[in-house]
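Here the working numbering is used: the first residue of the sequence shown is 249, the next is one more, and so on.
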Amino acid sequence: MNGQLTGTGALLRHAIRLDRWKLLPWLVIIGVFPLASFAAYGSLFSSQLEAVALQLSLGANPAFSLLFGPATDLTTAIGFVTWRVQMFGMFFAALMAIFTVTRHTRAAEDTGQAELLDSGVVGQHARLASAVVLAWLASALVGLLVGGSLAAGGAPPASAFALGAVLGGMGFAFAGIAAVTAQLGSAARAANTLAAAVLSACYLLRGLGDTLDDGEWLLWTNPMGWAEAIRPATEDDFRPLLLLVGTGLVSAALAAWLSTRRDFGLGIIPGRAGPPRGKLGIWSLTTRLNRGPFWTWGVTFAALGSIYGLVTTTMSSVFADNPFVKQMLAARATSEEQLTFAFVEVLLLVLAIIGGVCGIQLALRFYAEEEERRAEWVLSGALSRLGHFAPTVTVALLAPGVGMVIGSLALAATANASGSPVDARDIILQGLAELPALWLATAVAIAAVGLAPQLRAVAWLLLVYWLLLTMFGPILKAPDWMLATSPFHVVPNIMEANPDFAPLWWTAVIAVVLVVSGLLGYRRRDLVWT
């Protein structure tokens, strides 16, 4: 086995040099944000009784347990931080590990880099081992940053490092899971999709375990449930961390075994063969390349919209009994009649953020085709640069827009069927009002691909910044000028007497400018492999 790991250290050092700037934003966002929430806790509640009342209301409402996890202790700063940050932190830590492992395994094979590395004096499993160890180190650093910063800020050390164990443990487990999906998928995108599907399934099982009567056993069926079982601030039980570490180790060993059962450049799950005769034209090619993601995202929007619609009927009493909840999730509500709709706004915001993810992914997929040298073949025919890029731009803008409409319709239909006081028409119109914001997120990716592909990560960073600012900015007392930098925050409430639609027009104009800049820039820049 030692011979099969020859060169792991050298490859690990090489991977660290390549990824140090790519991992830094993940570490900063996941590691620093809990401390900001911890520091703001003292200004959130006017009394301890208010915190207790909020905890009781949230505990009695399954909607919040489904979305954010159980609120087990809001009377302490570390307990509040755990509830508010835990779900988002676990998602980000898992995604960080997934992307890191896939980038150095399956994606390296797709681009040909792995073939060059494997031609050196390295063992059969060295490249896989270095990728997984890098993700493990990053996950451990996340845990230490979270625990150390909170402990230094005044949180009980045991609880602080328990929260760090939750986030770091999730990254550790999903590094191993991503190593397995890298062997299963026929390409890097397929590997990431499989790993993200596992993460989504874990979130669903965790949510059901937290909300269903006698459903606690579901928490023990998945890594997210195990991480939650550490219970920072209440139990500080580190034993479930062993399950997460064990999952990472066993999954990595399984991935090493699977790697010997497949051919280089191919996945155990083969890619679907194309039709024997393809349709002529770049539009047909673009449609076929993006057909799978289009349907996948459409189903995702429909499912999430349906689930979100079912929980809207439970919100009125929570808002009425707890002014803090109104500040946290409904800061822009101006009357009691708008309180439930304010929660719907938050749900639509989540759908819009997901729409931004969809648009960015589709836009960046165009650049992936260029990296894999397929763009040169397409452009070798009678096709202009503009004609090559325009179909992808259209799909990248159309797909999240259609998905947002589907999600809004599903949310409106299920909310109306379950007796929600919110009018279905208002839900749909509010969903449409979110479109310029998600299009702006997509436009940033389009501009990056067309003008400076090396800056394409800016699209993801901006989306994460907008998400955190919009969801947590009002709680952390962020200044109005800072909140206004998020296109998702300035979306007006269409139920207001005189909603201000000017920000939507400005957002749309900026998106158009970015799209045009990307199209023109692609005509002038060199291809990656030229």
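Glycine included, each C-beta is placed from N, C-alpha and C at the ideal position.
Only a predicted model underlies this, so the values are computations on that prediction, with no experimental measurement involved.
H737: not part of any alpha helix (DSSP H); DSSP gives it neither H nor E. At a Cβ-Cβ threshold of 8 angstroms, V414 and I346 do not count as neighbours.
It is roughly 47 angstroms from the alpha-carbon of W474 to the alpha-carbon of P524.
For M335, the secondary structure class from DSSP, reduced to helix, strand or coil, is helix.
Where Q609 is concerned, the enclosing alpha helix (DSSP H) starts and stops at L587 to E619. Here the alpha carbons of A445 and C606 stand approximately 15 angstroms from one another. Taking the Cα of G290 as reference, the smallest distance to any Cα among L302, F312, T324 and L272 is reached at T324. Note on geometry: alpha-carbon atoms of A616 and V697 lie some 10 angstroms from one another. Judged by pairs of C-beta atoms under 8 angstroms, the region 423-435 does not touch the region 400-412, as fewer than three such pairs exist.
In the three-state DSSP reduction, L322 falls in the coil class, being neither helix nor strand. Taking 8 angstroms as the cut-off, the Cβ atoms of M344 and A386 count as close.
Residue state for I742 is assigned as coil, using DSSP reduced to three classes.
According to the DSSP assignment, F281 belongs to the alpha helix (DSSP H) that extends over T256 to A288. The criterion of a C-beta distance shorter than 8 angstroms is satisfied by G419 and A383. Between A427 and L724, the C-beta spacing is not below 8 angstroms. Uninterrupted alpha helix (DSSP H) stretches at least 4 residues long and entirely within the region 433-491 occur at 436-459 and 471-476, given in chain order.
Residue state for F512 is assigned as coil, using DSSP reduced to three classes. Note that the C-beta distance between A726 and A707 is not below 8 angstroms. Ranked by how close their Cα comes to the Cα of V390, the residues R354, G515, A408 and L715 have A408 in first place.
Contact between G604 and L686 holds: CB atoms are separated by about 5 angstroms, below the 8 angstroms threshold. D321 has its alpha-carbon roughly 48 angstroms from the corresponding atom of L699. Here the alpha carbon of S367 sits roughly 21 angstroms from the alpha carbon of A436. Distance from the CA atom of A551 to the CA atom of A658, rounded to whole angstroms, is 8 angstroms. By the Cβ-count criterion, R354 is buried, with 16 or more other Cβ atoms from all chains shown falling within 10 Å of its own Cβ. F293 sits in coil when the DSSP states are folded into three classes, being neither helix nor strand. Excluding sequence positions up to five before and after A756, its CB lies within less than 6 angstroms of the CB of P684, all in the same chain and listed in chain order. Annotation note: the region 659-722 contains the following uninterrupted alpha helix (DSSP H) runs of length 4 or greater, listed N- to C-terminal: 672-681, 683-699 and 705-720. Within the same chain, L595 and L659 come within 6 angstroms of Y556 by CB-CB distance, once the 5 residues on both sides are set aside. Segment contact: the region 647-658 against the region 707-719, fewer than three CB-CB distances shorter than 8 angstroms; contact not assigned.
S367 carries a coil assignment under DSSP once its states are collapsed to helix, strand and coil. According to the DSSP assignment, R520 belongs to no alpha helix (DSSP H), since it is labelled neither H nor E. Residues T254 and G255 of the same chain have their beta carbon placed closer than 8 angstroms to that of V369, with the five preceding and five following residues left out of the count.
The DSSP-derived three-state label of A623 is helix.
According to the DSSP assignment, S554 belongs to the alpha helix (DSSP H) that extends over I530 to V559. Beyond the five residues adjoining it in sequence on each side, L634 comes within less than 8 angstroms, by CB distance, of L767, Y770 and R771 in the same chain, given in chain order. Secondary structure at S628: coil, using DSSP grouped into helix, strand and coil.
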